[in-house]
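Residue numbers (full-length UniProt numbering): 1 to 334.
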């Protein structure tokens, strides 16, 4: 019937005769009937569109939910680091909610970032970070890669947070060359924050963070606190740091090494033998951050290199103006 109608219409068009309006309407209705090929195509396209839209919004909703769970994990784990029992329960709960082996890297990086943002680095926070690393079973290179990426994602105006993520990355990933290679881009990024001596400032800041963490965790008895090994110190260095003038003693060693390198460079340039040494040799100046208490030790005469106008606190990101000089080692400096 449909073919017959089409032939009549085609014949009418060839002969130039008028097509009956009723005939045109009837033919159009037949074309749009569900049983016709064209009607089936339109129906299938409509169904496909609905399915694609449903899948898209379902997928978007799923990932939004997972991201919310990852953030919740980081926040709740940070709040319960004082209790291994609560940490264990929280860890298991979120692993179950997120599904088997899903978003593990994101969970770890989010937790360490939140921990660095909310808490000063101490032996306790280092033990909590190491606990989570062991729970996920991440190897050194994986840890370094995750935390390097997390540090690079931090805003430029938060150098303190970047420094802490680098510190966690270095201490949790061991000392392998492969792990160090993963962390190098983050170290370079931090070094670029300073006009000169950036690499040395980053290294010095890492040591200072470890010293401060040990002091903040120290017991009144003077014994080494639990977890001190995670700070990257030898026992001798740790005990020296907790002893009288420990911070200055450790920094003085770095200062001496730096001066020895400078002397070797001068000698190579023909500058050896100039002068007989300074009476201030081996002394250091201490500058304390008024915002977080972080202390920087700088060798006298080298302030321009390690404590320039663009210096920022590696702990909280405060500017140089927030620092005040305090007496060190009985030198009489204000």
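Ideal Cβ placement from N, Cα and C applies to all residues, glycine included.
Helix, strand or coil for residue i? Go by DSSP, reduced to three states.
{"i": "residue 211", "result": "helix"}
{"i": "residue 101", "result": "coil"}
{"i": "residue 80", "result": "coil"}
{"i": "residue 93", "result": "helix"}
{"i": "residue 127", "result": "helix"}
{"i": "residue 63", "result": "helix"}
{"i": "residue 240", "result": "helix"}
{"i": "residue 122", "result": "coil"}
{"i": "residue 233", "result": "coil"}
{"i": "residue 138", "result": "coil"}
{"i": "residue 226", "result": "coil"}
{"i": "residue 88", "result": "helix"}
Taking 8 Å as the cut-off, decide whether the C-beta atoms of residue i and residue j are in contact.
{"i": "residue 169", "j": "residue 183", "result": "yes"}
{"i": "residue 172", "j": "residue 216", "result": "no"}
{"i": "residue 291", "j": "residue 320", "result": "no"}
{"i": "residue 340", "j": "residue 148", "result": "Absent from the structure is residue 340, since the part of the chain shown begins at 1 and ends at 334."}
{"i": "residue 214", "j": "residue 236", "result": "no"}
{"i": "residue 316", "j": "residue 297", "result": "no"}
{"i": "residue 198", "j": "residue 314", "result": "no"}
{"i": "residue 110", "j": "residue 86", "result": "no"}
{"i": "residue 326", "j": "residue 318", "result": "no"}
{"i": "residue 308", "j": "residue 195", "result": "yes"}
{"i": "residue 121", "j": "residue 167", "result": "yes"}
{"i": "residue 210", "j": "residue 231", "result": "yes"}
{"i": "residue 205", "j": "residue 163", "result": "yes"}
{"i": "residue 203", "j": "residue 123", "result": "no"}
{"i": "residue 165", "j": "residue 125", "result": "no"}
{"i": "residue 201", "j": "residue 306", "result": "yes"}
{"i": "residue 94", "j": "residue 115", "result": "no"}
Which residue comes first and which comes last in the alpha helix (DSSP H) that contains residue i?
{"i": "residue 112", "result": "104 to 118"}
message: Across the stretch 173 to 182 and the stretch 206 to 224, are there enough close Cβ pairs to call them in contact, namely three or more that are closer than 8 Å?
response: No, they do not touch.
- request: Please list the segments of the beta strand (DSSP E) lying wholly inside the stretch 148 to 219, counting only runs of 3 or more residues, in order along the chain.
  value: For the stretch 148 to 219, not a single whole beta strand (DSSP E) run of length 3 or above is found.
field: Completely contained alpha helix (DSSP H) runs for the UniProt domain "Rubredoxin-like" (284 to 326), where each covers 4 or more residues
entry: You should have 303 to 306.
task: Would you check if there are 3 or more beta carbon pairs closer than 8 Å linking the stretch 138 to 154 to the stretch 99 to 113?
output: Judged by pairs of C-beta atoms under 8 Å, the stretch 138 to 154 touches the stretch 99 to 113, as three or more such pairs exist.
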